[in-house]
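As structure tokens, the structure follows; a few thoughts come after it.
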Amino acid sequence: MIDKKLIEENGRRGARKVSRKETKEHLKTLVENSSVSHMRKTGRIVKYGTASFTRNIWLSIAATLVMTVTLVILMITVFASLILGATADTMRQKIDITIFFTPGTDRETLETMANEMRTDPNVRTIEIATSEDEYATFIDDNQGNAELLAALEDESMYQHMLSAMQATMRIKVTDPNNLEGVRYIVDNSAIFQANLDSTKEPTYNVNQAEIETINSWATIAKNGGLILGAVFLVISILVIFNTIRMAIFSRREEIYMMRLVGADTGFIRGPFLVEAEISGVTSGILATTIAVVGFRFLEPPLANYGIDVSAVSELLESNMLIAVYAIMIIIGMAIGTISARLAMQKYLK
Numbered sequence: 026m027i028d029k030k031l032i033e034e035n036g037r038r039g040a041r042k043v044s045r046k047e048t049k050e051h052l053k054t055l056v057e058n059s060s061v062s063h064m065r066k067t068g069r070i071v072k073y074g075t076a077s078f079t080r081n082i083w084l085s086i087a088a089t090l091v092m093t094v095t096l097v098i099l100m101i102t103v104f105a106s107l108i109l110g111a112t113a114d115t116m117r118q119k120i121d122i123t124i125f126f127t128p129g130t131d132r133e134t135l136e137t138m139a140n141e142m143r144t145d146p147n148v149r150t151i152e153i154a155t156s157e158d159e160y161a162t163f164i165d166d167n168q169g170n171a172e173l174l175a176a177l178e179d180e181s182m183y184q185h186m187l188s189a190m191q192a193t194m195r196i197k198v199t200d201p202n203n204l205e206g207v208r209y210i211v212d213n214s215a216i217f218q219a220n221l222d223s224t225k226e227p228t229y230n231v232n233q234a235e236i237e238t239i240n241s242w243a244t245i246a247k248n249g250g251l252i253l254g255a256v257f258l259v260i261s262i263l264v265i266f267n268t269i270r271m272a273i274f275s276r277r278e279e280i281y282m283m284r285l286v287g288a289d290t291g292f293i294r295g296p297f298l299v300e301a302e303i304s305g306v307t308s309g310i311l312a313t314t315i316a317v318v319g320f321r322f323l324e325p326p327l328a329n330y331g332i333d334v335s336a337v338s339e340l341l342e343s344n345m346l347i348a349v350y351a352i353m354i355i356i357g358m359a360i361g362t363i364s365a366r367l368a369m370q371k372y373l374k
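Positions in the sequence shown are counted from 1; adding 25 to them yields our numbering.
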């Protein structure tokens with residue numbers, strides 16, 4: 026009797042083990058089949074979306090071109106802001122304040138005044154020049170003028186020129202908009218007041234007007250680019266919106282049949298999203314390529330006019346160019362996705 030009970034108990038345990046093993050195998054098979062089914066479903070969505078893109082090729086091209094214009098305007102705005110901002114910064118770095126002293130001011134006095142000026146934390150560099158130094162610079166600047174050089178060989182002319190040459194102090198500051206410290210030293214220092222040339226004022230405001238003009242251009246470029254970008258963004262959304270709407274209308278019977286056979290919402294919506302994202306990817310690549318080629322074409326003449334293009338040039342010459350392409354593609358895909366979802370929400374019932 027005991028042997029029979031043991032045999033029955035062992036049989037039940039074996040059955041449970043077999044049952045658990047079969048369950049695990051079954052679940053594993055379901056997961057594998059589910060993964061394969063998901064991949065197959067994704068592949069079909071991409072296939073149908075690509076077919077829909079080519080089916081409505083003219084509308085798709087129109088949507089892609091409008092989106093490309095939007096992204097090009099966005100890139101031009103960014104490039105213009107970088108270029109004008111860098112140009113203004115470069116001009117600020119080059120600005121120097123020149124203080125004129127009476128002709129004949131000796132180097133020791135100039136050094137004393139320079140040391141006093143260096144107490145202002147806004148001062149970056151100081152260059153001093155005696156009358157003799159200024160005369161030597163004048164001669165170097167006019168090496169091509171043979172008649173002038175011949176006239177200056179006369180001793181009396183030399184002495185006359187030397188007596189008219191002011192000694193100078195050229196100051197470069199960190200913040201050109203904050204010259205209060207420099208002004209205070211010049212206006213209140215006894216040694217400065219004793220040696221200043223009364224016929225020439227310090228050049229506090231030289232080039233400031235040019236910098237303000239460039240800053241205003243940068244503001245105009247930024248605001249104008251944002252406005253144009255917003256306008257074309259709306260146009261892009263409307264064009265893609267209508268493209269998806271017409272695609273839904275042309276496939277309404279197909280969509281109805283898909284619903285009847287039990288297709289889920291994701292499978293029905295997927296091809297329309299793919300169609301919009303193809304436009305986004307294409308426009309992102311096109312816009313970036315157009316902007317980069319256009320900048321390369323304009324780079325030499327801009328640099329010849331003294332415009333600082335180094336910020337954009339360094340960006341496009343580094344590995345960041347790949348990131349620029351990626352960002353523009355992502356923006357294009359985002360515009361396409363938003364437009365498609367708006368259209369599907371309204372028309373894909």
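Ideal Cβ positions, reconstructed from N, Cα and C, are used throughout, including at glycine.
Buried or exposed by the 16-neighbour rule on C-beta atoms within 10 Å, applied to residue i
| i | result |
| --- | --- |
| Leu298 | buried |
| Tyr183 | exposed |
| Tyr281 | exposed |
| Gly68 | exposed |
| Arg41 | With a pLDDT of 46 at Arg41, under the threshold of 50, the modelled position of that residue is not reliable, and no figure is offered here. |
| Val256 | exposed |
| Gln191 | buried |
| Asp179 | exposed |
| Tyr73 | buried |
| Ala368 | buried |
| Ser155 | Checking the sequence, you will find Thr at residue 155 rather than Ser. It counts as buried. |
| Leu109 | buried |
| Thr224 | exposed |
Nearest-angstrom beta carbon gap, residue j and residue i [assumed within contact, 8 Å]
| i | j | result |
| --- | --- | --- |
| Asn3 | Thr199 | This structure cannot settle anything about residue 3, because the visible part of the chain is limited to 26 through 374. |
| Gly309 | Gly254 | Not really, about 14 Å apart at Cβ, beyond 8 Å. |
| Ala348 | Ile101 | That belief does not hold up - the Cβ atoms of Ala348 and Ile101 are roughly 18 Å apart, past 8 Å. |
| Phe78 | Ile303 | 5 Å |
| Arg149 | Lys197 | 5 Å |
| Ala312 | Thr89 | Actually they do not touch by this definition, with Cβ atoms about 10 Å apart. |
| Asp145 | Val207 | 6 Å |
| Ile273 | Ser364 | That pair is no contact at about 13 Å. |
| Ser188 | Pro128 | 5 Å |
| Val264 | Phe104 | Contact flag wrong, Cβ pair sits at about 25 Å. |
For residue i, the three-state DSSP class (helix, strand or coil)
| i | result |
| --- | --- |
| Glu152 | strand |
| Ile124 | strand |
Residue i beta carbon near the ligand PLP (any heavy atom closer than 7 Å)
| i | result |
| --- | --- |
| Tyr73 | What this structure holds is no ligand at all, so the ligand PLP is not there to describe. |
* To do: For the region 245-261 and the region 158-170, state whether three or more C-beta atom pairs, one from each stretch, are separated by less than 8 Å.
  => Using a C-beta cut-off of 8 Å, the region 245-261 makes no contact with the region 158-170, since fewer than three inter-stretch Cβ pairs fall below that distance.
* Pick out the complete alpha helix (DSSP H) segments inside the region 138-213, 4 residues or longer, and give them in chain order. => For the region 138-213, whole alpha helix (DSSP H) runs of length 4 or above, ordered along the chain, are 156-166, 171-177, 180-189, 205-213.
* To do: Assess, as a yes-or-no matter, whether the region 135-143 is touched by the region 211-230 under the definition of 3 or more beta carbon pairs within less than 8 Å.
  => Remark: three or more beta-carbon pairs, one from each stretch, lie closer than 8 Å, so the region 211-230 and the region 135-143 are flagged as touching.
* Are the region 318-335 and the region 362-373 touching, with three or more C-beta to C-beta distances below 8 Å? -> Taking one beta carbon from each stretch, the region 318-335 and the region 362-373 have fewer than 3 pairs nearer than 8 Å; the two do not touch.
* At which residue ranges does the region 266-339 contain complete beta strand (DSSP E) runs of 3 or more residues, listed in the order of the chain? -> Within the region 266-339, no complete beta strand (DSSP E) run reaches 3 residues.
* Inter-stretch contact (C-beta, 8 Å, three-pair minimum) for the region 81-97 and the region 218-225 -> The count of Cβ pairs closer than 8 Å, one atom from the region 81-97 and one from the region 218-225, stays below three, leaving the stretches out of contact.
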